[in-house]
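According to our numbering, the residues represented by the sequence shown are 4 to 421, in order. Where a beta carbon is used, it is the ideal one built from N, C-alpha and C, also for glycine. Please read all numbers here as calculations on a predicted model, not as lab measurements.
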Amino acid sequence: MIPIVPVDARPLARPSGGSASQEHRTRLVALPPLTLYIHFPWCVKKCPYCDFNSHERRGGPSTIPEGAYVDALVSDLDRVVPQVWGRRVHAVFIGGGTPSLISPAAIDRLLSEVRARLVLEADAEVTLEANPGTVEAGRFADYRALGINRLSLGIQSFDDRFLAALGRIHDGREARDAVEIALAHFDNVNLDLMYGLPGQSAVDAGRDVAIARAWAPPHLSLYQLTLEPNTLFAKYPPRLPDEDVADAIDVAIADEVERGGWRRYEVSAYARAGRESRHNVNYWNFGDYLGIGAGAHAKISFPDRIVRQTRLRSPDLYLDRAASDGAAYDEHEVGLDALPFEFMLNAMRLVAGVPATRFSERTGLSLARIEGPLARAEARGLLVRDALRIRPSPLGLRFLNDLQEQFLATTPPPTTGR
Ligand SMILES: C[S@@+](CC[C@H](N)C(=O)[O-])C[C@H]1O[C@@H](n2cnc3c(N)ncnc32)[C@H](O)[C@@H]1O
Ligand code: SF4
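Here it is, written out as structure tokens:
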């Protein structure tokens, strides 16, 4: 599943930054497209399956220090803007957590401060994540008027039984109302649904997608419930559907998706033509993203190096650091050994894969460097390639970890050069 906090592929650990020797790397000819991720770290209630950087406020949501948090985001952005001077931003993603807890006045200030510091493309996609338990029609109208043009709703299920099993703060009625209100104000809407839920059958899972189909939203994200370490579900695991039921759920979902006319373009993402999430597609193409807010990640390319940044995860520490005018992030250069895996970890999530030239464009490494793992993955039927593209096979998409892990330890080809 994805956090695009920003979107991460979870199951495999990344290799460490490693040494950043430049001996086999060429300068990037062109820098990749750039997006901006803004993390909002609070929720009304922590869901038992969720390992995102999201926190309940002891005194309730009304005690969230939203003004101070916007100040902190702005000072965070001020520090990193010089690193992307002159580059245009083509998408903004406000994720969480539950960003729909932010008042329209605070969103207004935040977006104005962003626009004062970064050049947003005229048609930039600006997404906000919303929880159906926090939806009010007036608020959605305001968000739209302020420049949010895509809404991502965390529906999870329309069925009260499964919403209760997931510890959600909303029921099926509120989920449906949220979709109605969202579509009344936004033409670009994503619905997040989860499947493989405790006690769920294939009929149940298909029904959730069929209900979504009735509204024909432009985008769907379908995530299989995973038990993440350090969550309540990891400690007290619910009984999940067995393998046969899980297979039947896959079939039921695929049928409904086909009926709905969405095209699967990433492991968990389905869209109508032209409605793919621009922020996420950039991420999976090893594009660049600034990431501000507690726990946010960033990847920034320079002609001679690629750096990653990680912000302080604790909202309180993040706020304190910003108030004392200190940097709220650590930065490291991505080492040569880590680059192929990092690239393939993302690129192989895309159903259509990537142009063969993208690897060199984005990493500065020769494609020959990963010839061994490419050939091995191809021989195992996990990957398909020709002169133009590299893409996962249907088997590779199904066993994505196996495919990605081929690229964990890549050694340079025998010849010298890049
Ligand atoms: C950060 S949440 C944002 C949406 C909003 N906070 C909400 O939950 O309504 C992004 C999505 O990740 C998915 N998700 C979170 N934890 C998951 C897990 N353990 N397994 C599968 N999907 C998960 C959910 O579908 C959720 O909507
Ligand atoms: S509302 Fe969303 S981000 Fe918050 S705890 Fe639940 S799944 Fe996680």
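Contact set for Leu406: own chain, Cβ-Cβ below 7 Å, skip 5 residues either direction: Translated into positions along the sequence shown, residue 406 becomes position 403. The residues Met351, Ala380, Leu385, Leu386, Pro395 and Gly399, in chain order, have a CB closer than 7 Å to that of Leu406 in the same chain once the five nearest residues on each side in sequence are set aside.
Among residues of its own chain, excluding the 5 on either side of Leu230, which ones have a beta-carbon nearer than 6 Å to its beta-carbon? Taking the first residue of the sequence shown as 1, we reach residue 230 at position 227. Hits under 6 Å: Phe236, Ala237 and Pro240.
So what's Leu230 in DSSP terms, helix, strand or just coil? Position 227 of the sequence shown, counting from 1, holds the residue named residue 230. In this structure, DSSP gives Leu230 a state outside helix and strand, which the three-state scheme calls coil.
Could you tell me which residues DSSP pairs with Pro395 in its beta bridges? Here the question's residue 395 lines up with position 392 in the sequence shown. Per DSSP, Leu386.
Buried or exposed: Val92, going by 16 or more other Cβ atoms within 10 Å of its Cβ? Locating residue 92 in the sequence shown gives position 89, where the first residue counts as 1. So Val92 ends up on the buried side.
To the nearest angstrom, how far is it from the Cα of Gly422 to the Cα of Gln227? Residue 422 lies beyond the range of the chain shown here (4 to 421); nothing can be said about it.
For Phe305, the first and last residue of its enclosing alpha helix (DSSP H): The sequence position of residue 305 within the sequence shown is 302, counting from 1. Taken as a continuous stretch (DSSP letters only), Phe305 belongs to no alpha helix (DSSP H), being part of the beta strand (DSSP E) at His300 to Phe305.
Distance, Ile373 Cα to Arg388 Cα: Translated into positions along the sequence shown, residue 388 becomes position 385. Translated into positions along the sequence shown, residue 373 becomes position 370. Looking at the two C-alpha atoms, the distance is approximately 13 Å.
Say the cut is 7 Å; is the CB of Asp245 nearer than that to a heavy atom of ligand 1? The sequence position of residue 245 within the sequence shown is 242, counting from 1. Checking every heavy atom of ligand 1 against the Cβ of Asp245, none is found closer than 7 Å.
Residue closest to Thr313, alpha-carbon to alpha-carbon, out of Tyr321, Pro306, Ala301 and Phe305: Within the sequence shown, the letter at position 310 stands for residue 313. For the residues Tyr321, Pro306, Ala301 and Phe305, the minimum Cα distance to Thr313 belongs to Ala301.
Hey, quick one: how far does the beta strand (DSSP E) through Met197 stretch, first residue to last? If you number the sequence shown from 1, residue 197 lands on position 194. Run containing Met197: Val192 to Tyr198, per the beta strand (DSSP E) assignment.
Uninterrupted alpha helix (DSSP H) stretches inside the stretch 296-346 (no shorter than 4 residues): Taking only runs of at least 4 residues, the alpha helix (DSSP H) segments lying wholly in the stretch 296-346 are 318-326.
Taking the alpha-carbon positions, what's the Asn191 to His27 distance? Taking the sequence shown and counting its residues from 1, one reaches residue 191 at position 188. Taking the sequence shown and counting its residues from 1, one reaches residue 27 at position 24. Rounded to whole angstroms, Asn191 and His27 show a C-alpha spacing of 43 Å.
With Gly195 and Ser224 assumed to form a contact (beta carbons below 8 Å), what rounded beta-carbon distance in angstroms separates them? The sequence position of residue 195 within the sequence shown is 192, counting from 1. The sequence position of residue 224 within the sequence shown is 221, counting from 1. For clarity, residue 195 is Asp in the given sequence; the question names Gly instead. Confirmed, Cβ separation roughly 5 Å.
Ligand 2 heavy atoms versus the CB of Thr360: any closer than 7 Å? Against the sequence shown, residue 360 aligns to sequence position 357. Outside the cutoff, so no.
Give a single yes or no on whether Asn233 has its beta carbon closer than 7 Å to a heavy atom of ligand 2. As a working mapping, residue 233 is identified with position 230 in the sequence shown. In terms of side-chain proximity, the C-beta atom of Asn233 is found no nearer than 7 Å to any non-hydrogen atom of ligand 2.
Is Gly98 close to ligand 1? I mean its beta-carbon at under 7 Å from any heavy atom of the ligand. Taking the sequence shown and counting its residues from 1, one reaches residue 98 at position 95. Judged by the Cβ position, Gly98 qualifies as a neighbour of ligand 1 at the 7 Å threshold, a heavy atom of the ligand being closer than this.
Kindly examine ligand 2 and report whether one of its heavy atoms sits closer than 7 Å to the Cβ of Asn134. If you number the sequence shown from 1, residue 134 lands on position 131. Relative to ligand 2, the beta carbon of Asn134 is positioned inside 7 Å of a heavy atom.
Length of the line joining the Cα atoms of Thr137 and Glu116: Counting from 1 along the sequence shown, the entry for residue 137 is found at position 134. Counting from 1 along the sequence shown, the entry for residue 116 is found at position 113. Answer to the nearest angstrom: the Cα atoms are 25 Å apart.
Less than 8 Å between the CB atoms is what I'm expecting for Pro64 and Ala297, so what's the real figure, rounded? As a first step, residue 64 is located in the sequence shown; it is residue number 61 there, counting from the start. As a first step, residue 297 is located in the sequence shown; it is residue number 294 there, counting from the start. About 16 Å; that fails the 8 Å criterion.
Assign Gly170 to one of three DSSP states: helix, strand, or coil. Locating residue 170 in the sequence shown gives position 167, where the first residue counts as 1. The DSSP-derived three-state label of Gly170 is coil.
Should Phe189 be listed as close to ligand 1, given that the test is whether its C-beta is under 7 Å from any heavy atom? Your numbering for residue 189 matches position 186 in the sequence shown. No; taking the cut-off as 7 Å, the Cβ of Phe189 has no heavy atom of ligand 1 nearer than that.
With which residues is Ile97 paired in a DSSP beta bridge? As a first step, residue 97 is located in the sequence shown; it is residue number 94 there, counting from the start. Per DSSP, Ile41 and Leu131.
Contacts around Glu334, its chain only, beta-carbon distance under 6 Å, and the 5 residues preceding and following it disregarded: As a working mapping, residue 334 is identified with position 331 in the sequence shown. Beyond the five residues adjoining it in sequence on each side, Glu334 comes within less than 6 Å, by CB distance, of Val310 and Gln312 in the same chain, given in chain order.
Whose C-beta lies closer than 7 Å to the C-beta of Tyr321 among residues of the same chain, with five residues either side of it excluded? Residue mapping note: residue 321 aligns to position 318 of the sequence shown, counting from 1. Hits under 7 Å: Ala75, Ala297, Arg314, Leu315 and Ala331.
Taking 8 Å as the cut-off, decide whether the C-beta atoms of Ala299 and His42 are in contact. Within the sequence shown, residue 299 is the residue found at index 296, counting from 1. Within the sequence shown, residue 42 is the residue found at index 39, counting from 1. In this structure, the beta-carbon distance from Ala299 to His42 falls below 8 Å.
Along the beta strand (DSSP E) that carries Tyr273, what are the first and last residues, could you check? Your numbering for residue 273 matches position 270 in the sequence shown. Its beta strand (DSSP E) spans residues Ala272 to Ala274.
Nearer than 7 Å: is that true of the beta carbon of Thr229 relative to any heavy atom of ligand 1? Position 226 of the sequence shown, counting from 1, holds the residue named residue 229. Because some heavy atom of ligand 1 lies under 7 Å away, the Cβ of Thr229 counts as near it: yes.
Taking 8 Å as the CB-CB limit, is Asn283 close to chain C? In the structure shown, chain C does not exist; there is a single protein chain.
Drop a sphere of 10 angstroms on the beta-carbon of Ile7, count the other beta-carbons inside from all chains shown, and report buried for 16 or more, exposed for fewer. Taking the sequence shown and counting its residues from 1, the one referred to as residue 7 is at position 4. Because the pLDDT at Ile7 is just 35, under 50, the model does not fix this residue reliably, and the value given afterwards should be weighed accordingly. That one is buried.
What is the residue span of the alpha helix (DSSP H) that Ser363 lies within? As a first step, residue 363 is located in the sequence shown; it is residue number 360 there, counting from the start. DSSP places Ser363 in the uninterrupted alpha helix (DSSP H) bounded by Arg361 to Thr366.
Per DSSP, Tyr292 is paired with what? Indexing the sequence shown from 1 puts residue 292 at position 289. According to DSSP, Tyr292 bridges with Thr38 and Lys302.
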